[in-house]
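Undergrad:
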Amino acid sequence: MRMVDIIAKKRDGLELSSEEIQFLVSGYTDGSIPDYQMSAWAMAVLLRGMTPRETGDLTLAMAGSGEQLDLSSLKGIKVDKHSTGGVGDKTTLVVAPLVAAAGIPVAKMSGRGLGHSGGTIDKLESFAGFQVERTREQFLQQVREIGVSVIGQSGNLTPADKKLYALRDVTATVEAVPLIASSIMSKKIAAGADAILLDVKVGKGAFMKTLEQAETLASAMVQIGTQVGRRTVAVISDMNQPLGFAVGNALEVKEAIDTLAGRGPKDLTELALAIGAHMLVLGELVADVEEGRKRLEEIMDSGKAVEKLAQMIEAQGGNKEDVYNPDRLPKASLTAEVKASQDGYISAIDAETVGHASVVLGAGRLTKEMPIDLAVGIVLAKKRGDQVRKGDVLATVHANDEILLKQAVEELKGAYTYDSESLIDQPLIYKIIT
Ligand code: URA
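Next comes the structure, spelled out in structure tokens:
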């Protein structure tokens, strides 16, 4: 088999065989296929697409390119959750302990943030002493004992995807839907998921800017899941404004704890309950999402969800007192308010701008190596649809540097759009794809 023939076949719009796909993934992983040939192939895929069968084969070949986690020693259906990334998206911090408290085993690997999207692992490090690197045995043992563990992504998982994603980034081929879908799904499969819940974000602060793009990606991923025997459900949710009020690591952790206690922002609570309820259905704990939702609401009200988070923090080296008293979490030294420049209704809060302002403060990173400041960020006081008067506080900025504080305040002012009339609210969840 020759890579040049595989490239030519895809260039001409023909379907590749399973053997050809396995050959190119193995060859790229072991270095026998060079970057320039893989780049040509990725561009041919971007222009010609892939059939569902090809996409399924690519996913399995990438999932098998490195270490695969065996979760079979854990009882029950292991349901994983993935978000395509957004601003203020702390849903995993809520959903993981919440569904674990309901009886779904959660053995989850999460990522760090890059660009204007935050990462769950960074947020969890707001708990002093919290260990994100665990041995396989520690990880599994913790899930057996308390039902939940969230750790950083293993370096040996899906090496083919790691190389291909970096290559796509510099060859203008990130956008190819079969490549995005197989990239995400291969990581979930290698991480041992039996069933997968996808939160596909859509809007200005998301990777997918239009509903049509989000639906195409969500459908491709659900189709892969079905094809490879992992039940998959995708929730398409709004990212035209930040999720919840808090953006920034420790600030988001505090909001997640409030949400677990049933005192969280409406949108975050709603999304966490919807995602959690679908996970309970996928895990065959309940018959339908209504029953799932009811069960999760009861768990929030009983205090068991907060308790489950506290157990997880303690088991991974943190202090559970930080969960019961979040004022102990890292705190910034300076604050400033952003005020409304006119009377009216807020018609938009540009999530990308808010995300960027939080990066300016140091809450996120622009390169993988950049250190982050866990204490800084933004807490919104108003959301889209709210009525304001000139001078009302729209947000509070938390910083550890005067200059960055001023810069972030200036940037945030540009995130707001006003309208003279109240508008029809945009939905939080656009669609569920099964
Ligand atoms: N996220 C991924 O993990 N892979 C992609 O290709 C795009 C987004």
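Residue numbers for the sequence shown follow the numbering used here, beginning at 444 and rising by one. Beta carbons are placed, not taken as given, at the ideal position from N, Cα and C, and that holds for glycine. Since the model is a prediction, treat every value here as computed from it, not as a measurement.
1) Please look up how many angstroms separate the CB atoms of Ile789 and Lys833, rounded, as I've assumed it's under 8 Å.
2) For His493, does the three-state DSSP call read helix, strand or coil?
3) Give the DSSP-derived three-state secondary structure of Val522 in the structure shown.
4) May I have a chain-ordered list of the beta strand (DSSP E) segments no shorter than 3 residues that lie completely inside the segment 618-696?
5) By Cβ distance, which residues of its chain are closer than 6 Å to Leu617, with the 5 residues on each side in sequence left out?
6) Hey, Thr535 and Thr563 are a contact pair by Cβ (cut 8 Å); roughly how many whole angstroms apart?
7) Could you tell me if Ala730 is buried or exposed, where buried requires 16 or more neighbouring beta carbons within 10 angstroms of its beta carbon?
8) Where the beta carbon is closer than 5 Å to any heavy atom of ligand 1, which residues qualify, in chain order?
9) Mind checking Arg827: buried by the 16 CB within 10 Å criterion, or exposed?
10) Compute the beta-carbon to beta-carbon distance between Val819 and Leu804, rounded to the nearest angstrom, for a pair I have assumed lies under 8 Å.
11) For Lys763 and Pro769, what's the separation of their Cα atoms in angstroms?
12) Identify the residues that DSSP records as bridge partners of Ser865: which are they?
13) Report the partner residues of Tyr788 according to the DSSP bridge assignment.
14) When DSSP labels each residue in this structure, what does Thr841 get in the three-state scheme?
15) Under 9 Å, do Leu640 and Lys524 count as touching if we go by C-beta distance?
16) Apart from the five residues just before and just after Ala775, which ones in its own chain have a Cβ nearer than 6 Å to its Cβ?
17) Hey, how far is the Cα of Met722 from the Cα of Val537?
18) Cβ of Ala791 less than 9 Å from any chain B Cβ?
19) DSSP three-state call for Met743: helix, strand or coil?
20) Is the segment 666-679 touching the segment 544-551 in the sense that three or more CB pairs, one from each, lie closer than 8 Å?
21) Name the two residues that bound the continuous alpha helix (DSSP H) containing Ile876.
22) Starting from Ser592, follow the beta strand (DSSP E) in both directions and report where the run begins and ends.
23) Do Ala717 and Arg736 count as a contact pair if the criterion is CB distance below 9 Å?
24) Between which residues of its own chain and Leu512 is the CB-CB distance below 7 Å, once the five residues before and five after are set aside?
25) Write down the C-beta distance between Met682 and Gly529 rounded to the nearest angstrom, noting that I regard them as a contact closer than 8 Å.
26) Between the segment 792-804 and the segment 845-862, are three or more C-beta pairs nearer than 8 Å?
27) Looking only at C-alpha atoms, which of Ser597, Gly507, Glu576 sits nearest to Val468?
28) Taking DSSP's pairing of strands, which residues face Lys856 in a bridge?
29) Between Thr578 and Leu866, what straight-line distance do the alpha-carbon atoms span, to the nearest angstrom?
30) For Arg771, which residues of its own chain have a beta-carbon under 6 Å away from its beta-carbon, when the five flanking residues on both sides are left out?
31) Can you name, in chain order, every residue of its own chain whose Cβ lies under 8 Å from the Cβ of Lys652, other than the five neighbours on each side?
32) What are the boundary residues of the alpha helix (DSSP H) that Ser469 is part of?
33) Residue range of the beta strand (DSSP E) that Glu458 falls in?
34) State buried or exposed for Leu694, treating a residue as buried only when at least 16 other CB atoms are found within 10 Å of its CB.
35) Apart from the five residues on each side of it in sequence, which residues of its chain come closer than 8 Å, Cβ to Cβ, to Gln465?
TA: If we stick to the structure as given:
1) Contact flag wrong, Cβ pair sits at about 13 Å.
2) It should be noted that the sequence gives Met, not His, for residue 493. Reduced to three states, the DSSP call for Met493 is coil.
3) strand
4) The qualifying runs are 638-645, 674-681.
5) Residue 617 is actually Val in this sequence, not Leu. Counting only Cβ-Cβ distances below 6 Å, and skipping sequence neighbours, we find Arg611.
6) 5 Å
7) exposed
8) Ile623, Ser626, Ile627
9) Buried is the call here.
10) Indeed they touch by this definition, with Cβ atoms about 4 Å apart.
11) 10 Å
12) DSSP, once it has assigned bridges, lists no residue as partnering Ser865.
13) Tyr788 is bridged to Gln830, Asp862.
14) Strictly speaking, residue 841 in this sequence is His, with Thr absent from that position. Of the three classes helix, strand and coil, the one that applies to His841 here is strand, per DSSP.
15) yes
16) Ala818, Val819, His841, Ala842, Asn843
17) 13 Å
18) No chain B appears in this structure, which consists of one protein chain only.
19) helix
20) no
21) Run containing Ile876: none in the alpha helix (DSSP H); it sits in the beta strand (DSSP E), 872-876.
22) 591-595
23) yes
24) Excluding residues within five positions, the ones whose Cβ falls inside 7 Å are Ala633, Ala634, Gly635.
25) 4 Å
26) The count of Cβ pairs closer than 8 Å, one atom from the segment 792-804 and one from the segment 845-862, reaches three, so the stretches are in contact.
27) Gly507
28) Looking at the DSSP assignment, Lys856 forms no beta bridge with any residue, so it has no partner.
29) Taking the straight line joining both Cα atoms gives about 51 Å.
30) Only Asp765 meet the Cβ criterion.
31) Val645, Gly646
32) 461-473
33) It is not in any beta strand (DSSP E) - Glu458 carries neither H nor E in the DSSP assignment.
34) buried
35) Hits under 8 Å: Asp500, Ala504.
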